[in-house]
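In this text, residue positions in the sequence shown follow numbering that gives the first Met the number 0: the first is 0, and each later residue adds one. Virtual Cβ for every residue (Gly too), placed ideally from N, Cα, C. For clarity, every value in this text was computed on a predicted model and none was experimentally measured.
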Amino acid sequence: MRDFFLPSTWFLQFLFFLVVIFGAEVYASVELFRFYDEVPGYIHGRILKFTHDFHSASKKQLDNLQLEMQCCGSTNSTNWVDGKIPHTCFQKSITNNYTHDTIHNQECSEVLEEWTKENLLIIGWGGFSFSVVQVFGIVLSSCFYYTLRNEFG
0 MRDFFLPSTW FLQFLFFLVV IFGAEVYASV ELFRFYDEVP GYIHGRILKF THDFHSASKK
60 QLDNLQLEMQ CCGSTNSTNW VDGKIPHTCF QKSITNNYTH DTIHNQECSE VLEEWTKENL
120 LIIGWGGFSF SVVQVFGIVL SSCFYYTLRN EFG
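What follows is the structure, given as structure tokens:
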């Protein structure tokens with residue numbers, strides 16, 4: 000039974016994987032915070048591309064975005080090619096009277112930027128918080144390893 004508690008390579012491997020996971024968490028958090036400043040340009044470009052290529056597979060996704068976020072186009076309704084504004088840009092009405100007065104006046108890129116930035120911050124700080132907890136796990140595991148080594152080794 001005593002051999003079971005001897006410090007072995009298993010425990011060192013566990014400690015190694017804790018350190019690797021810690022490094023991955025810190026790296027992911029730093030990358031999320033770095034990407035935070037690149038969000039506006041990326042989102043604006045992608046939505047603008049989708050509005051010019053609206054007959055592609057992106058039509059359904061862009062329709063859903065415009066319905067959910069109550070927005071229209073990348074910057075406004077003039078982004079649509081040939082003035083063909085989809086029905087998802089208009090506010091829902093009982094009479095289905097689609098006029099320029101009922102167009103959503105929020106920019107989809109602006110709405111999506113705010114949503115993405117908010118969620119990037121939550122995920123980034125969550126990852127950073129987990130990495131702080133991971134440091135405690137590394138320290139406690141190291142202490143446990145050295146205690147076992149001194150006790151049985």
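Run of the alpha helix (DSSP H) containing residue i, from where it starts to where it stops
{"i": "Thr101", "result": "No alpha helix (DSSP H) contains Thr101, which DSSP labels as neither H nor E."}
{"i": "Phe69", "result": "For the sequence presented, residue 69 should be read as Gln rather than Phe. Premise fails: Gln69 is in no alpha helix (DSSP H) and is neither H nor E."}
{"i": "Gln12", "result": "Thr8 to Phe34"}
Residue closest to residue i, alpha-carbon to alpha-carbon, out of the options
{"i": "Asp36", "options": "Tyr144, Glu113, Phe89 and Phe143", "result": "Glu113"}
Residue i versus residue j: straight-line alpha-carbon distance, rounded
{"i": "Phe21", "j": "Gln90", "result": "47 Å"}
{"i": "Ile46", "j": "Cys70", "result": "12 Å"}
{"i": "Lys59", "j": "Ala27", "result": "31 Å"}
{"i": "Gly123", "j": "Gly72", "result": "29 Å"}
{"i": "Phe10", "j": "Gly125", "result": "27 Å"}
{"i": "Thr101", "j": "Ile121", "result": "34 Å"}
{"i": "Tyr145", "j": "Phe135", "result": "15 Å"}
{"i": "Ile93", "j": "His86", "result": "Only weak support is given to the placement of Ile93: the predicted model assigns it a pLDDT of 48, under 50, and the value that follows is read from those uncertain coordinates. Going from the Cα of Ile93 to the Cα of His86 covers about 13 Å."}
Supposed close pair residue i, residue j - CB separation, criterion 8 Å
{"i": "Ser140", "j": "Leu14", "result": "5 Å"}
{"i": "Leu119", "j": "Ile42", "result": "Actually they do not touch by this definition, with Cβ atoms about 12 Å apart."}
{"i": "Val25", "j": "Ser128", "result": "11 Å between Cβ atoms; not a contact."}
Coarse secondary structure for residue i, derived from DSSP in three states
{"i": "His43", "result": "helix"}
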